[in-house]
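In what follows, a structure is listed as structure tokens, so that the remarks can point back to it.
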Amino acid sequence: MNRIESWTRPNIRSLVPYSSAKDEFSGSDALFLDANENPFGTYNRYPDPQQRKLKTVLVKQSNISSKQIFIGNGSDEVIDMLLRIFCEPGIDKIGTFSPTYGMYDVSAAIHNLQVIKIPLDESFDILNADISPLISDERIKVLFLCSPNNPTGNNLNLNKMKELIESFQGIVCVDEAYIEFSEQESMANLIDRYDNLVVTRTMSKARGLAGARVGYAYANEEIIQLFNKVKPPYNISALNQNEAIRALENTDIFEVQRTTILEERRILIEQLAKNDLVEFIYPTAANFILVKVTDADGIYNSLLKRNIIVRNRSKQVPNTLRITVGTPKENQQLLKALKEIAS
Ligand SMILES: Cc1ncc(COP(=O)(O)O)c(C=O)c1O
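If you use numbering that gives the first Met the number 0, the sequence shown corresponds to residues 0 to 342, in order.
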């Protein structure tokens, strides 16, 4: 038994997955009388359970083989599935670096798993964080690294992430939900080097498809096969598969939007720095900005009264608001409101 197998929950190791006729037959012009569908209509058929066309587009754009790609109903589903595959409820644990994305905690709570939280260092990085509790506890089965990190916005140190993947005896999930906004290189091309690395991505952020719910993971073939065993047979609707293909192929629109968001981020940072309510702007590599303000609760409520909703992250980082970069018009509205509140 290799180490990935030995880390897999025994019931998942022995699981016989559901298999549909669409799994076994890949042609399109056959007579389909296998799945009790209504024979009439446009979306009357179940979608391709293996999302072959969508994966072909991802393969073209990433140079990663389709056998190393899993598509989920948002990357939140990928996070949840990792815990279902590798963590025994009530016994195992996960590791995170705090503050970070809240769903790791929620998923762990759903699966009755303890979370070992390592504080990020003074720059919200892992470089000077004390990782010894992660290395000494063999019940920690999955470790989450979020880079760029939500809610702080910064990249995590690339070399330190590699070191951690090498030393941690379990699955390391690098959550790259915001990587398209960052100048740091992705870890996706390291999945051949590290058998325990899972890189998650999403169509919800830079790709503009949060409403559709499509996320994906890159990992070695063995881990992807485990995902495929556990996933509901038709987890990505035909509508979502088509929209994801359209969004990925529309590279011009993607580039224009990405560039606009980055330029708007620059303007927002420049303008926010001039406002007396703002005490500190944390460096960001994502499409949001974490801002330390004079009175986060008060400013949050004043914005709310003006129908502007930002995220109060004060419980994670004292007196902070997390602001998503909007359209140029939306950003101007926000800046105007903040000026009014300050005066
Ligand atoms: C770091 C991070 N990972 C994952 C997600 C979830 O993304 P998805 O919409 O693909 O479920 C989010 C959403 O805010 C996020 O911030």
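The C-beta atom is built at its ideal place from N, Cα and C for all residues, glycine as well. This one's a predicted model, so the numbers in the text were calculated from it and none came from an experiment.
### Query
In chain order, which beta strand (DSSP E) runs of at least 3 residues are fully inside the segment 151–225?
170–174, 196–201, 214–217
### Nearest residue (CA-CA) to VAL77, options TYR217, ILE134, TYR281
For the purposes of this step, residue 77 is taken as the residue at position 78 of the sequence shown. That would be TYR217, whose Cα lies nearest to the Cα of VAL77.
### Query
Can you give the Cα-Cα distance for LEU302 and THR323, rounded to whole angstroms?
For the purposes of this step, residue 302 is identified with residue 303 of the sequence shown, where counting begins at 1. For the purposes of this step, residue 323 is identified with residue 324 of the sequence shown, where counting begins at 1. LEU302 and THR323: Cα-Cα distance of roughly 14 Å.
### Query
Does the segment 196–214 touch the segment 37–49, meaning 3 or more C-beta pairs lie closer than 8 Å?
no
### Query
Considering only residues of the same chain and omitting the five flanking positions on each side of ILE340, which have a CB-CB separation below 7 Å?
The residue you call residue 340 lines up with position 341 of the sequence shown. Same-chain partners within the cutoff: LEU276, ILE298, SER301.
### Task
Report back the beta-carbon spacing between GLN113 and GLU137 to the nearest angstrom; my notes put them in contact at under 8 Å.
Counting from 1 along the sequence shown, the entry for residue 113 is found at position 114. Counting from 1 along the sequence shown, the entry for residue 137 is found at position 138. GLN113 to GLU137, Cβ: 13 Å. No contact.
### Message
Nearest by alpha-carbon distance to GLY207: which of ASN156, ILE235, THR250 is it?
### Response
Here residue 207 is taken as the residue at index 208 of the sequence shown, counted from 1. Per the Cα distances, THR250.
### Task
Over the uninterrupted alpha helix (DSSP H) stretch that includes GLU339, give me the two end residues.
For the purposes of this step, residue 339 is identified with residue 340 of the sequence shown, where counting begins at 1. 327–341 is the span of the alpha helix (DSSP H), which, as asked, contains GLU339.
### Query
At what residue ranges does the segment 247–279 contain a whole run of the alpha helix (DSSP H), taking only runs of 4 or more?
Within the segment 247–279, the runs of alpha helix (DSSP H) that reach at least 4 residues and sit entirely inside it are, in chain order, 250–271.
### Continuous alpha helix (DSSP H) assignments of at least 4 residues falling wholly in the segment 283–330
295–304
### Residues near LEU155 by beta carbon distance below 7 Å, same chain, minus five either side
Here residue 155 is taken as the residue at index 156 of the sequence shown, counted from 1. So the qualifying residues of the chain are ASP124, ILE125, LEU144, SER146, ASN148.
### Query
Looking at CYS172 and ligand 1, is the gap between the Cβ and the nearest heavy atom below 6 Å?
Taking the sequence shown and counting its residues from 1, one reaches residue 172 at position 173. No, ligand 1 has no heavy atom inside 6 Å of this Cβ.
### Message
According to DSSP, is SER106 part of a helix, a strand, or is it coil?
### Response
In the sequence shown, counting from the first residue as 1, residue 106 sits at position 107. SER106: helix per DSSP, three-state reduction.
### Task
Could you tell me which residues DSSP puts in a beta bridge with PHE96?
The residue labelled residue 96 in the question sits at position 97 within the sequence shown. Paired residues: ILE117.
### Message
Measuring only from the beta carbon, is SER185 closer than 6 Å to any heavy atom that is part of ligand 1?
### Response
Taking the first residue of the sequence shown as 1, we reach residue 185 at position 186. No - ligand 1 has no heavy atom lying nearer than 6 Å to the Cβ of SER185.
### Message
I'd like to check one pair, VAL292 with ILE280: are the Cβ atoms closer than 7 Å?
### Response
Here the question's residue 280 lines up with position 281 in the sequence shown. Here the question's residue 292 lines up with position 293 in the sequence shown. No, they are not a contact pair.
### Message
Do GLN270 and LEU334 have their beta-carbon atoms positioned less than 7 Å apart in this structure?
### Response
Locating residue 334 in the sequence shown gives position 335, counting from the first residue. Locating residue 270 in the sequence shown gives position 271, counting from the first residue. Contact: yes.
### Message
I'd like the list of long-range same chain contacts for ARG257, defined as Cβ closer than 8 Å, with 5 residues on each side in sequence excluded.
### Response
What you label residue 257 is simply residue 258 of the sequence shown in a count that begins at 1. The answer, listed in chain order, is GLU179, PHE180, ALA205.
### Query
If you measure from the CB of GLY297, is any heavy atom of ligand 1 nearer than 6 Å?
Counted from its first residue, the sequence shown places residue 297 at position 298. Incorrect: GLY297 has no Cβ contact closer than 6 Å to ligand 1.
#### Entry: Spatial neighbours of GLY214 in its chain, beta-carbon cut-off 6 Å, leaving aside the 5 residues before and after
Position 215 of the sequence shown holds residue 214. Taken in chain order, the residues that qualify are GLY71, GLY73, SER74, VAL77, THR201.
### Query
Pick from PRO132, SER64, PRO9: whose alpha carbon is nearest that of CYS86?
As a position in the sequence shown, residue 86 is number 87, starting the count at 1. The option with the nearest alpha carbon to CYS86 is PRO9.
### Task
Could you tell me if the beta carbon of THR201 falls within a distance shorter than 6 Å of some heavy atom in ligand 1?
Position 202 of the sequence shown, counted from the start, is the residue given in the question as residue 201. Yes, Cβ of THR201 sits closer than 6 Å to a heavy atom of ligand 1.
### Task
May I ask you to report which of helix, strand or coil DSSP gives VAL229?
Taking the sequence shown and counting its residues from 1, one reaches residue 229 at position 230. In the structure shown, VAL229 sits in a helix (DSSP, three-state: H, G or I).
### Task
Give me the Cα-Cα distance between GLU254 and ILE260, rounded to the nearest whole angstrom.
Within the sequence shown, the letter at position 255 stands for residue 254. Within the sequence shown, the letter at position 261 stands for residue 260. Roughly 10 Å between the two C-alpha positions.
### Task
Starting from the Cα of THR7, find the closest Cα among ASN239, LYS314, ALA336, GLN224 and give me that residue.
In the sequence shown, residue 7 corresponds to position 8, counting from 1. Selected option, being the one with the closest Cα: GLN224.
### Task
Return the chain-ordered list of same chain residues with a C-beta closer than 8 Å to the C-beta of GLU165, the five sequence neighbours on each side being excluded.
By 1-based counting over the sequence shown, the position of residue 165 is 166. For GLU165, where only same-chain residues beyond five positions count, the Cβ hits under 8 Å are TYR193.
### Query
Should GLY73 be listed as close to ligand 1, given that the test is whether its C-beta is under 6 Å from any heavy atom?
Counting from one through the sequence shown, the residue named residue 73 turns up at place 74. Correct: GLY73 has its Cβ closer than 6 Å to ligand 1.
### Query
From ASN274, GLU221, VAL309, PRO231, pick the residue whose C-alpha is nearest to that of SER5; which is it?
Position 6 of the sequence shown holds residue 5. Minimum Cα distance to SER5 is reached at GLU221.
### Task
Under 8 Å Cβ to Cβ from SER185, same chain only, skipping five residues before and after it: list those, please.
Position 186 of the sequence shown holds residue 185. For SER185, where only same-chain residues beyond five positions count, the Cβ hits under 8 Å are GLU175, ILE178, VAL198.
### Message
Can you check which of these residues, SER135, LEU133, ILE134, PRO118, is closest to ASN127 by C-alpha distance?
### Response
Position 128 of the sequence shown, counted from the first residue, corresponds to residue 127. Per the Cα distances, PRO118.
### Task
Measuring alpha carbon to alpha carbon, tell me which of ASN241, GLN183, ARG321, PHE226 ends up nearest MET160.
By one-based count along the sequence shown, residue 160 stands at place 161. Out of ASN241, GLN183, ARG321, PHE226, GLN183 has the C-alpha closest to the C-alpha of MET160.
### Query
Near LYS116, which residues of its chain fall below 7 Å by C-beta distance, leaving aside the five closest residues on each side in sequence?
In the sequence shown, residue 116 corresponds to position 117, counting from 1. Here the set comprises THR95, SER97.
### Message
Closer than 6 Å to a non-hydrogen atom of ligand 1 - does that hold for the CB of ASN318?
### Response
For this step, residue 318 is matched to residue 319 along the sequence shown. It does not: the Cβ of ASN318 is nowhere closer than 6 Å to a heavy atom of ligand 1.
### Query
Does ligand 1 have a heavy atom nearer than 6 Å to the CB of ALA176?
On the sequence shown, residue 176 is found 177 positions in, with the first residue counted as 1. Yes, ligand 1 has a heavy atom inside 6 Å of this Cβ.
### Query
Ends of the beta strand (DSSP E) at ILE139?
Along the sequence shown, read from residue 1 onward, the residue named residue 139 stands at position 140. From DSSP, the beta strand (DSSP E) with ILE139 extends over 139–145.
### Message
So for ILE11, helix, strand or coil by DSSP?
### Response
Numbered from its first residue, the sequence shown carries residue 11 at position 12. Reduced to three states, the DSSP call for ILE11 is helix.
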